[in-house]
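Below: the structure, in structure tokens.
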Amino acid sequence: MASVRSSILRFLLRHLVDWNKPLDEVREMHKKVESKPKIPKDIKIKEVKINGSISEWFIPNNRNTEKTLIYIHGGGYCLGIVNANRNFVIMLANYFQVPILMLNYRLAPENPFPAAIDDAVQLYKYLVNEQNIAPQNIGYIADSSGCGLTLASFIRLKSENILLPKFQIFMSPVVDLTRQGESFLKMKDKDPMSIKREFYIDNLYLNGNNPQNPLISPVFGDLSNFPQTFIQASEFDVFLSDSVMLADKLENQNCKVQYKLWEKMWHNFQMSHSILPEGKRAIYEIKHYIQEQIS
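Our numbering applies: residue 11 is where the sequence shown begins, and numbers increase by one.
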């Protein structure tokens, strides 16, 4: 059963936060979500320049980078890293006690498809080729469209015969930009993140390309021999169908998948972990999964 706090928070988000705005206005709203990043004294920040953009490595003290996580943020390929993203990933690095490198990829519409994929591929090559981190010591965490970007970069890497990382963790994955899933209709009145068609910002990323292209909607691609995967899906997520389709696709292609459906939760509910009991438990589940993979 969902907590009373989650019901109140979902009600407030639905009635106080309006995502149905032009991109410029959404970007401004996105920047105001939180105040300055909160950096614990035992977290070190290291900057990495990838394809002209500065990404950040959050490293717990007394931890080396032999084993590391890569975080790929969502935002419809158009919303960049803001204080809320950084606070969330810093918290994860501190809680997991594992270094996390958060990719700052180029955004649409200024840099449409496939710029973000190019950046994600280069970041992975940087870790493997320049930092000499073995693929079996690398895991990915992604939310929303960051999950689709992760998979698209793996399709590209696999085509170059590059060994993929050991595991991937997806929160509310967006992997089908054709939006054929039934959840877009069934959950539009329940998900606080529901957006009207005319305000789909990821259309700016497409830049006229076919959304069925596997590098845009990787659920239509060849995902065989992909890393083992943990998917956290949400019952009230308009993108729930993406989670279901992705889990089915990976299983059908003989990939190891764990799938968890959180009842009465919404898109990216984990981001509200500080005030949401379900968010705290979801993050604990991720920590446990990571510990199993890197022990």
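Positions of the beta carbon are idealized from the N, C-alpha and C atoms, including for glycine.
Pop quiz: Ala103 and Ile53 are said to be a contact at Cβ under 8 Å. What is the actual Cβ separation, rounded to whole angstroms? 6 Å
Measure the Cβ-Cβ separation of Pro224 and Ile179 and say whether it is below 8 Å. In this structure, Pro224 sits away from Ile179, with a CB-CB distance that is not shorter than 8 Å.
Assuming Arg116 and Ser63 make a contact with CB atoms under 8 Å, what is their CB distance in whole Å? 6 Å
Option in Ala130, Glu295, Arg189 with minimal Cα separation from Leu174: Comparing Cα-Cα distances from Leu174 to each of Ala130, Glu295, Arg189, the minimum goes to Ala130.
Which runs of the beta strand (DSSP E) fall wholly inside the stretch 103-150 and span at least 3 residues, in chain order? 110-112
8 Å CB neighbourhood of Ile55 in its chain, flanking five on each side removed: Counting only Cβ-Cβ distances below 8 Å, and skipping sequence neighbours, we find Ile49, Glu66, Trp67, Phe68, Ile69.
How would you write the range of the alpha helix (DSSP H) that Ile64 sits in, first residue to last? Taken as a continuous stretch (DSSP letters only), Ile64 belongs to no alpha helix (DSSP H), being part of the beta strand (DSSP E) at 63-70.
Given 8 Å, three or more beta-carbon pairs between the stretch 218-233 and the stretch 198-206: Verdict: no, contact absent.
By how many angstroms is the C-alpha of Pro119 removed from the C-alpha of Pro157? What sits at residue 157 in the sequence shown is Cys, not Pro. Taking the straight line from one Cα to the other gives about 19 Å.
Would you list the residues sitting across from Leu79 in a DSSP beta bridge? Ile110, Gly149
Backbone CA spacing between Phe21 and Lys196 [nearest angstrom]: 17 Å
Does the contact criterion of 3 or more C-beta pairs under 8 Å hold for the stretch 239-254 versus the stretch 262-271? yes
Length of the line joining the Cα atoms of Lys31 and Ala144: 43 Å
Touch test, the stretch 210-225 against the stretch 78-91, Cβ-Cβ under 8 Å, three pairs minimum: yes
Nearest to Gly191 (by Cα), restricted to the options Lys42, Asn121, Ser305, Met255: Met255
Compute the Euclidean distance between the alpha carbons of Glu57 and Asn278, then round it to the nearest angstrom. Going from the Cα of Glu57 to the Cα of Asn278 covers about 26 Å.
Could you check if Val27 is buried or exposed, using at least 16 other CB atoms within 10 Å of its CB as the buried criterion? exposed
On the DSSP bridge assignment, give the partners of Thr239 in chain order. Gln178, Val267
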